[in-house]
Amino acid sequence: MNKYIVLIVLVCLELVVKAQETERSCAAVRMKAGVPALYINDTPYPPFAYMSYLGEEKYYREAAIAGIHLYNIPAYLGDRGINSTSGIKPFRTPVWLGKNTYDYKGIIHDFEEVLRADPAAKVIIRLHLDPPVWWEKENPDAVCRLPDGSGYRTSFSSPKWQHDAGEVLREVVKWLLHSPYSAHVAGVHVAGGFTEEWFYHYKDHFYDESNARKVAFRKWLRQHYADNTDSLRHAWNDQTITFDQALPADISGTDRKREWRNAATDQRYFNTFDFQATTIADHIAYSCKIVKDASNNCLLTGAFYGYHYFVSDPRRGHGALAKLLDCPYLDYLSSPNDYNRVAGEDWAPMAAIKSVQLHGKLWLAENDTRTTLTTLLKERAPAIAPPGEWYTNGVWIGPDKMSTSVSLLRKNLARMLAYGYGGWWFDMWGGWFSDPALLAVLHEGQQYFVEYPDAACPQMKPEVAVVVDERLQEWDKDYGGLTGEITGNRYALGKTGAPYDLYLRTDLNKVSAGQYKVIWLMGIMDPNEQELTLIKKWAAKGMMVLQTDGYGTTIYFKETGTQPTFSKKLRWPASALGKLWDSAGVHRYLNTEDVVYAGRGWLSVHSVKGGKKELKLPFYAQVSDPVTKKIIAGNTKTVTLDMEPGATILLRVVPEKKQRKH
C-alpha cells in the first residue's frame, strides 16, 4: 500500500513541477519601505539583472552562479543598427519580415542560451520598435525628410508608424505568452530611436520636413492652445498665424548661439521643443499600454527616458518626463549612469529619480561599467563593428587594474542600495565581468537583498533637495552648451559628503520642507508666483534656498541677513557647496570631497586618493561589513577608515536607540 502512496505522491509532484513550468509569471511594481519595488508572482524580487548584446551561455551561467536570475535580452523589429551615426550593424536578425510575417528565431536563440544556463530565469525583452527598411520604402510619407527631399529614418510624428509598430508589438507579446518560454517572461522594455533610448535620429543637425510632422505639430498646437487662434497669435507674436499655417521652428542647430531664449518672443521654439518631447513620451505610453493589455497586466513595462540631468540637447526629445510619470501603464524607467566614467566622480542617473519614485515608478540603472576585461567590439564581433574609430577609445576603454574595476562595480551597487533602486549589469560585448572578484560584487547585490531587508532608515534621509527643470534646455540657444554649465553641478554635488534628493520642478509642491535644510532650485529660469512664495516661506523657516537661473545664483538664508545675496556663479565647486551646507546645518558624513552614498542603512565611500577617512554619523549606530558581518564599531557616531587609492568601501549602518553607558 505504501508503494502506491509513494507513486501517487511522485506523480503529483511531477504534475506540480510541470504546472509551474507552464504557469505564466505575473510581475508588478509596488511600493515597499517607501520606494517602488519589483514583485514577481506577488513576491519581492531582487531588482538586479544581467544583460549582454553578445550574450553566451557561459556568461549567463556566470550570472546565475552569482545569484542573478533576471535577464534582459535584446530583440529588434528592424534590420539596422541602433546607432544611425556610427554605422554599427544589427545585433540580431529582424523580427518583422513583412506584413503579418514574423521571425522569432533571434528571440528563441537567446531564450535557449539563457535557460540552458539558468532554468529559473526570468526575462525582460528589450524590443526595439524602429521598423525595417522595407517598411520605410513602402511608407515614404512616414519617413523624416531632409532639406534636399531625401529620407532619413522613420518620423516619430507618423501615426502610421505608431500603429503598425504597435500591432507588431502586440503580436510579439502574444507569441511570447503562448510560447514555450511564457513562464519565464517577466516584461517588455519598449525601446525606440537612436541607441534604443528614444532619441530622435539625426547626425549633426536635426531635420524632419515631412508632412507627417507638420500635421502632427498642428494637431498638438490645437490641443495646447485649446483650438484658440487668438491664444496662438498672442503667444507667437504673430497676428496673421493660423493653426493650418503653423510650422515647427527651425531646430536644426545651424544657428546656435551662446545665449538664452526669451520667453516673450520665442514661444514658437518652446512649442516646437515641447512637441518634440511629448511625441516621444506619448509613444512610450502607447507602447506600454499595448503590452499591459496584451498580457492582462502581468508583464512589466519600462523604457529609457528622461535624460534631462545629462543629455542637455532638447532636439533629442527627453523633456517630457513629468508627463510620462503620469502614465498608468509604465512600471519602470532607465538610463545609463553618467558617462563621465572616471574614478572619483559620482556617476549619477540621468533623471530626477526622486520624482520617478514619488510617482510609483521603479528606477533601473543600466550599469554598463567598463572593466579591465572589457574588449573592443571589433575584436568580439567584427561583422557588427563599424569602420573607423567608433567603440575603440574614450568611454569604451576600461581601467587598467582589476582592483579599480571591482571598486567601480561596488560603487554602482552602493548607489543603488543607498537610494532604493535597481538596475542591470550590462556586459555589453560579453566577458566584461568574467572574473571571480567582479562576479563577487554581482553576488553581493543578490546576497544583500536576502540578508538585509529593505528599510527606509529615516535617520539617513537627505537634508539637501535639488529641484531641476527638464525644460531648461529649451531656453538654450546653444542646444545644451549653456544648460550643461548648470546641470554639471551634479559632479560637485556628488562630492559634498552629503546625499541629496533630485526632484523635477513639477513636483516642487511635494518637497517636504520638514526634511530638508537646503533646497536648490537649479536651472529655474522663470520662477512663478507660487514658487517665489514657497522660496520665501522656506527661507522664513530658516532653510537655505538657492535659485540658479541662466545668469547666477540667488541665496535666501535669514542667518546671513534679511535680503537675499546674489552670486554670478552658475557652476559651484564642491568646496563652496560644502561651506554652504555647513552654514545651513546639513550633516556631512565626510568633508574630503570623496564620493559618499548614504541612505536606507547603507553608507559607502569611494576615494581616488585613499588614506585615512573619518566618517561622521548623524546618530549612534552599529557599523559592520555587510559581507563578513564583522562589526567595525558599535554604538558610535564616528568611523575611521584607512582606504587604498581608488577603493570603494560599503558599510551596513544600524541606528541604535541611545548611547550605551560604559
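Residue numbers (my numbering): 440 to 1101.
All C-beta atoms in this analysis are idealised placements derived from N, C-alpha and C, irrespective of residue type, glycine included.
Exercise. What residue does the beta strand (DSSP E) around L1090 start on, and which one ends it?
Worked result: As a first step, residue 1090 must be located in the sequence shown, where it is residue number 651. Segment T1087 to P1094, the beta strand (DSSP E) holding L1090.
Problem set entry | Per DSSP, cross-strand counterpart(s) of V903 | Within the sequence shown, residue 903 is the residue found at index 464, counting from 1. DSSP, once it has assigned bridges, lists Y939 and V957 as partnering V903.
Exercise. Taking one C-beta from the region 892-909 and one from the region 501-519 each time, how about it: are there three or more such pairs within less than 8 Å?
Worked result: no
Problem set entry | Buried versus exposed call for H628 [16 or more other C-beta atoms within 10 Å across all chains shown] | In the sequence shown, residue 628 corresponds to position 189, counting from 1. Burial call: buried.
For this session: Could you please give me the residues that DSSP links to I994 through a beta bridge?
Result: In the sequence shown, residue 994 corresponds to position 555, counting from 1. Its beta-bridge partners are L985 and T1004.
For this session: May I have a chain-ordered list of the alpha helix (DSSP H) segments no shorter than 4 residues that lie completely inside the region 867-898?
Result: 875-890
Exercise. Taking all protein chains shown into account, do 16 or more other C-beta atoms lie within 10 angstroms of the C-beta of L597, making it buried, or fewer, making it exposed?
Worked result: Taking the sequence shown and counting its residues from 1, the one referred to as residue 597 is at position 158. One detail in the question is off: residue 597 reads as Ser in this sequence, not Leu. Label assigned to S597: buried.
Exercise. Between R910, T704 and P529, which lies nearest to G745 when the distance is taken from Cα to Cα?
Worked result: The count along the sequence shown starts at 1 and reaches residue 745 at position 306. Per the Cα distances, R910.
Exercise. I think A979 touches F996, with their Cβ atoms under 8 Å apart; what is that distance to the nearest whole Å?
Worked result: For this step, residue 979 is matched to residue 540 along the sequence shown. For this step, residue 996 is matched to residue 557 along the sequence shown. Contact flag wrong, Cβ pair sits at about 11 Å.
Exercise. Under the DSSP definition of a beta bridge, which residues are partnered with M841?
Worked result: Within the sequence shown, numbered from 1, the residue matching residue 841 stands at position 402. In DSSP, M841 forms no bridge with anything.
Problem set entry | Span separating the alpha-carbon of V1044 from that of L738 | Working through the sequence shown from its first residue, we reach residue 1044 at position 605. Working through the sequence shown from its first residue, we reach residue 738 at position 299. Cα to Cα, the separation comes out at about 37 Å.
For this session: Tell whether a beta-carbon distance below 8 Å holds between G869 and G494.
Result: Stepping through the sequence shown from its first residue, residue 869 is reached at position 430. Stepping through the sequence shown from its first residue, residue 494 is reached at position 55. In contact: G869 and G494 (Cβ atoms closer than 8 Å).
Exercise. For R863, which of helix, strand or coil comes out of DSSP?
Worked result: For the purposes of this step, residue 863 is taken as residue 424 along the sequence shown, with counting starting at 1. Sequence inspection shows Trp at residue 863; the Arg mentioned does not correspond to that position. Looking at W863 - three-state DSSP - the assignment turns out to be strand.
For this session: Can you tell me which of the three DSSP states M1082 falls into?
Result: As a working mapping, residue 1082 is identified with position 643 in the sequence shown. Three-state DSSP puts M1082 in a strand.
Exercise. If V795 sits next to L772, beta carbons under 8 Å apart, how far is it from one beta carbon to the other, in whole angstroms?
Worked result: As a first step, residue 795 must be located in the sequence shown, where it is residue number 356. As a first step, residue 772 must be located in the sequence shown, where it is residue number 333. About 6 Å; that satisfies the 8 Å criterion.
Exercise. Is A625 closer than 8 Å to I547 when the C-beta atoms are compared?
Worked result: For the purposes of this step, residue 547 is taken as residue 108 along the sequence shown, with counting starting at 1. For the purposes of this step, residue 625 is taken as residue 186 along the sequence shown, with counting starting at 1. No; because the gap between Cβ atoms is not below 8 Å, this pair is not in contact.
Problem set entry | For E1095 and P901, the rounded distance between their alpha carbons | One-based indexing of the sequence shown puts residue 901 at position 462. One-based indexing of the sequence shown puts residue 1095 at position 656. Rounded to whole angstroms, P901 to E1095 spans 19 Å at the Cα level.
Exercise. Can you tell me the Cα-Cα spacing of S1063 and A1072, whole angstroms?
Worked result: To locate residue 1063, count along the sequence shown from 1; it is residue 624. To locate residue 1072, count along the sequence shown from 1; it is residue 633. Roughly 7 Å between the two C-alpha positions.
Exercise. Are the CB atoms of P822 and K528 nearer to each other than 8 Å?
Worked result: Position 383 of the sequence shown, counted from the first residue, corresponds to residue 822. Position 89 of the sequence shown, counted from the first residue, corresponds to residue 528. The residue asked about is misnamed: residue 822 is Ala in this sequence, not Pro. For A822 and K528, yes; Cβs fall inside 8 Å.
Problem set entry | Where the alpha helix (DSSP H) through S773 begins and ends | In the sequence shown, the residue the question calls residue 773 occupies position 334. S773 -> not in any alpha helix (DSSP H); beta strand (DSSP E) instead, spanning Y771 to P775.
For this session: Along the alpha helix (DSSP H) that carries H798, what are the first and last residues, could you check?
Result: On the sequence shown, residue 798 is found 359 positions in, with the first residue counted as 1. It is not in any alpha helix (DSSP H) - H798 carries neither H nor E in the DSSP assignment.
Exercise. With which residues is I512 paired in a DSSP beta bridge?
Worked result: The residue you call residue 512 lines up with position 73 of the sequence shown. Answer is I564.
For this session: Indicate whether I404 and T813 have their beta-carbon atoms separated by less than 8 Å.
Result: Lying outside 440 to 1101, the shown extent of the chain, residue 404 is not represented and no answer is given.
Problem set entry | Bounding residues of the alpha helix (DSSP H) (the contiguous stretch that carries H673) | Sequence index remark: in the sequence shown, residue 673 carries index 234 (1-based). Run containing H673: T668 to W675, per the alpha helix (DSSP H) assignment.
Problem set entry | N701 classed as buried or exposed, judged by whether at least 16 other C-beta atoms fall within 10 angstroms | By one-based count along the sequence shown, residue 701 stands at place 262. By the neighbour-count rule (16 or more Cβ atoms within 10 Å), N701 is not buried but exposed.
Problem set entry | Assigned secondary structure, V448 (DSSP; H/G/I helix, E/B strand, else coil) | Start at 1 with the first residue of the sequence shown, and residue 448 comes out as number 9. Caution is warranted here: a pLDDT of 30 is assigned to V448, below 50, making its placement in the model unreliable, and the coordinate value is therefore given only provisionally. Three-state result, V448: helix.
For this session: Report the residue from L566, W574, L877 and R849 whose alpha carbon sits nearest the alpha carbon of F743.
Result: Reading the sequence shown from its first residue, position 304 is the one you call residue 743. Selected option, being the one with the closest Cα: L566.
Exercise. How about L509 and P485: do their beta carbons lie closer than 8 Å?
Worked result: Working through the sequence shown from its first residue, we reach residue 509 at position 70. Working through the sequence shown from its first residue, we reach residue 485 at position 46. Their beta carbons are under 8 Å apart, which means L509 touches P485 by this criterion.
Exercise. Do T1118 and S846 have their C-beta atoms closer together than 8 Å?
Worked result: No information on residue 1118 is available, as it lies outside the stretch 440 to 1101 that the chain covers here.
Problem set entry | Range of the contiguous beta strand (DSSP E) that encloses E1053 | Mapped onto the sequence shown, residue 1053 falls at position 614. G1050 to S1063 is the span of the beta strand (DSSP E), which, as asked, contains E1053.
Exercise. DSSP on F487, reduced to helix/strand/coil?
Worked result: As a first step, residue 487 is located in the sequence shown; it is residue number 48 there, counting from the start. It is a strand residue.
Problem set entry | H640 classed as buried or exposed, judged by whether at least 16 other C-beta atoms fall within 10 angstroms | As a first step, residue 640 is located in the sequence shown; it is residue number 201 there, counting from the start. Buried: at least 16 other Cβ atoms inside 10 Å.
For this session: For V468, I'd like the list of residues in its chain whose CB is within less than 8 Å of its CB, leaving aside the five on either flank, ordered along the chain.
Result: Position 29 of the sequence shown, counting from 1, holds the residue named residue 468. Answer for V468: P475, A476, L477, Y478, L739, D770, Y771, G799, K800 and L801, listed in chain order.
For this session: State the Cα-Cα distance for the pair N539 and V607, rounded to the nearest angstrom.
Result: What you label residue 539 is simply residue 100 of the sequence shown in a count that begins at 1. What you label residue 607 is simply residue 168 of the sequence shown in a count that begins at 1. Going from the Cα of N539 to the Cα of V607 covers about 8 Å.
Exercise. Going by beta carbon distance, what residues of the same chain come within less than 7 Å of A876, once the five residues before and after it are set aside?
Worked result: Translated into positions along the sequence shown, residue 876 becomes position 437. M841 and V845, listed in sequence order.
Problem set entry | Residues that DSSP places opposite P579 in a beta bridge | Reading the sequence shown from its first residue, position 140 is the one you call residue 579. Answer by DSSP bridge pairing: none, since P579 is not bridged.
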